[in-house]
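> The structure follows.
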Amino acid sequence: MVVATPTPLLRRGNKKTSAFGVSTIDLSEDKSIVSEMIVKACEEYGFFKVVNHGVPKKVIARMEREAVDFFSCPVSQKQRAGPATPFGYGCKNIGFNGDKGDLEYILLEANPLSLSQCAKTISNDPSTFSSVTNDYVSAVRKLSCDILELVAEGLWVEDKCIFSKLISDSQNDSCFRVNHYPPFSAPNNNNHHHHHHHHEEYNNHWDPSELEEERLHISPIIPSVGSKSRVGFGEHTDPQILTILRSNDVSGLQICSHDGFWIPVPPDPNEFFVFVGDSFQALTNGRFTSVRHRVLAMNSWKRRMSMMYFAAPALDAWISAPPQINNIYRPFTWGEFKQIVYSLRLADSRLDYFKNH
Ligand code: GA4
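One point on numbering: in UniProt numbering, the residue at position 4 of the sequence shown is 4, and numbering is uninterrupted.
Okay, here's the thing in structure tokens:
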């Protein structure tokens, strides 16, 4: 049996958003059924969860450890890897046009050469950092390709590699990001002034030995209506083809349904979440829609950490659906699209600029 577990009914006010929640897709199940389910999930939400994904636990754990080590460094050291425009360490500033979020992050090009270069500024043990990151990125790239081949199958496209080859191309422009959302208040510290300072500066030394302890920590009380929740990462769609996200067990991610409701996504540290990006929307002539999402930094005592692999083609690759009578978008290259993406704000709908009239 293929697992398609609906998450608990997701409500905002009194309205139900959909009879079924976000799909969980078991990649070890029968290929023809899985491919059909993925296509359905890409149409319904542009978002789904995968289990039995084939990425070894150890690869994930090592990557998490490297990221924890990095974020627990003093600010001055982290800044040696910055700024993140376009690649490196970033704090609060997102992109080039004034977007801000309550987070710090590293943004890296997902290729071995660039990773080994960046590692020198990020880690005291660059060779370990780059090998761990390479292993993680290779594993999630493989997962992206598997999913893209299943999509091609589910769409009855003749060339099963039509999408995956864009990602496996040696010139692919994929990137890798690790986001760190600091806790609202430090554990054992209720001093408002102190914690305010603490979360403004992010000069928190995050002792990695606390990690296991933190996992066992009892979940904080869910903030009541009206209590403050900060915007960790503002609403947006991802411009690439596909995004593969993994987070620790701290909540905050929300996706937007087609009818405009925000749906909280319960975290699951062992599994991956898949997002349809703008480029996939264009490649499927709007049959799939890129999923709008955001991260609210809840009143959590625990830090949220998420890592995303953004699967993008080469800069000169064409993003276009097979020619039909009514193509919504004119053909464009990934490089051309990226230029528009970076000239706009985080929340903007960039595909509108490529519509045929
Ligand atoms: C959103 C998805 C990825 O995180 C990202 C982001 C990029 C950045 O942080 O530099 C962008 C954002 C993202 C979309 C609009 C532009 C570019 C910030 C921004 C305001 C790395 C990406 O590819 O696009």
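Think of the CB as a built atom: it goes at the ideal place given N, C-alpha and C, for glycine as much as any other residue.
1. Which whole-angstrom value describes the C-beta separation of Gly232 and Gly260, a residue pair presumed to lie in contact below a C-beta threshold of 8 Å?
2. Quick check: His180 and Arg303, are their CB atoms within less than 8 Å of each other?
3. If I measure Cβ to Cβ from Leu166 and keep anything under 6 Å in the same chain, skipping five residues before and after, which residues do I get?
4. Tell me, to the nearest whole angstrom, how far the beta carbon of Arg345 is from that of Asp99; I am working on the premise that it is less than 8 Å.
5. Apart from the five residues just before and just after Leu216, which ones in its own chain have a Cβ nearer than 6 Å to its Cβ?
6. Would you give the residue range spanned by the alpha helix (DSSP H) that Arg246 belongs to?
7. By a C-beta neighbour count over all protein chains shown, 10 Å radius and 16 as the cutoff for buried, is Val140 buried or exposed?
8. So, is Trp156 buried or exposed, given that buried needs 16 or more other C-beta atoms within 10 angstroms?
9. Give a yes or no on whether the C-beta atoms belonging to Phe354 and Ala282 are separated by under 8 Å.
10. List the endpoints of the continuous alpha helix (DSSP H) containing Cys256.
11. In three-state terms, what does DSSP make of Asp173?
12. Is it true that the CB of Ile241 sits closer than 8 Å to the CB of Val308?
13. Exposed or buried, what is Phe47 when buried is set at 16 or more other beta-carbons lying within 10 Å of its beta-carbon?
14. Please classify Lys31: does DSSP put it in a helix, a strand, or coil?
15. Could you give the distance in angstroms between the alpha-carbon of Ile325 and the alpha-carbon of Gly286?
16. What did DSSP end up calling Gly95 once you bin it into helix, strand or coil?
17. How far does the beta strand (DSSP E) with Pro264 in it reach, from first residue to last?
18. Around the C-beta of Gln339, are 16 or more other C-beta atoms found within 10 angstroms, so that it is buried, or is it exposed?
19. Quick one: give me the first and last residue of the alpha helix (DSSP H) that Ser114 is part of.
20. Within the continuous beta strand (DSSP E) that includes Gly232, where are the two ends?
21. Three or more beta-carbon pairs under 8 Å between the stretch 68-86 and the stretch 138-154, yes or no?
22. Using the rule of at least 16 other Cβ atoms within 10 Å of the residue's Cβ for burial, across every protein chain shown, is His236 buried or exposed?
23. Curious, which full-length beta strand (DSSP E) runs of at least 3 residues does the stretch 22-93 contain?
24. Is Lys15 helix, strand or coil by DSSP?
25. Can you tell me where the beta strand (DSSP E) with Val132 in it begins and where it stops?
26. If we ignore side chains and look at the alpha-carbon of each, how far apart do Cys161 and His53 end up?
27. What do you reckon, is the C-beta of Cys175 under 7 Å from a heavy atom of the ligand GA4?
28. Check Cys294 in the structure and name its three-state DSSP category.
Per the coordinate set shown:
1. Wrong, their Cβ atoms sit about 20 Å apart, outside the cutoff.
2. Their beta carbons are under 8 Å apart, which means His180 touches Arg303 by this criterion.
3. Only Pro313, Ala317 meet the Cβ criterion.
4. Taking 8 Å as the upper bound for CB-CB distance, Arg345 and Asp99 are in contact here, some 6 Å apart.
5. Only weak support exists for where Leu216 lies, its pLDDT of 42 falling under 50; the coordinates are left without a value.
6. Run containing Arg246: none in the alpha helix (DSSP H); it sits in the beta strand (DSSP E), 242-247.
7. Val140 should be labelled buried.
8. Around the CB of Trp156, fewer than 16 other CB atoms lie within 10 Å, so the residue is classed as exposed.
9. Yes, Cβ-Cβ distance for Phe354 and Ala282 is below 8 Å.
10. Taken as a continuous stretch (DSSP letters only), Cys256 belongs to no alpha helix (DSSP H), being part of the beta strand (DSSP E) at 253-256.
11. In the three-state reduction of the DSSP assignment, Asp173 falls in the coil class.
12. The identity of residue 308 in the sequence shown is Met, whereas the question assumes Val. No, Cβ-Cβ distance for Met308 and Ile241 is not below 8 Å.
13. A residue is called buried once 16 or more other Cβ atoms fall within 10 Å of its Cβ, and Phe47 is buried on that count.
14. Residue state, collapsed to three classes: helix.
15. Spanning the two alpha carbons is a distance of roughly 14 Å.
16. Note: Gly95 maps to coil in three-state DSSP.
17. It spans 262-264 - the beta strand (DSSP E) in which Pro264 sits, taken as one unbroken run.
18. Its Cβ having fewer than 16 others within 10 Å, Gln339 is exposed.
19. Segment 112-122, the alpha helix (DSSP H) holding Ser114.
20. It spans 230-236 - the beta strand (DSSP E) in which Gly232 sits, taken as one unbroken run.
21. With a cut-off of 8 Å, the stretch 138-154 and the stretch 68-86 do not count as touching, because too few Cβ pairs lie within range.
22. Classification of His236: buried, given that the 10 Å Cβ count is 16 or more.
23. Here the runs fully enclosed are 24-26, 47-51.
24. Residue placement at Lys15 is poorly supported in this model, since its pLDDT is 34, which falls under 50; the coordinates still yield a value, given next. Here Lys15 sits in strand by DSSP.
25. Per DSSP, Val132 belongs to no beta strand (DSSP E); it is in the alpha helix (DSSP H), 126-154.
26. If you take the alpha carbons of Cys161 and His53, they lie about 19 Å apart.
27. Within the cutoff, so yes.
28. Note that residue 294 corresponds to Arg in the displayed sequence, not to Cys. Secondary structure of Arg294 (DSSP, three-state): strand.
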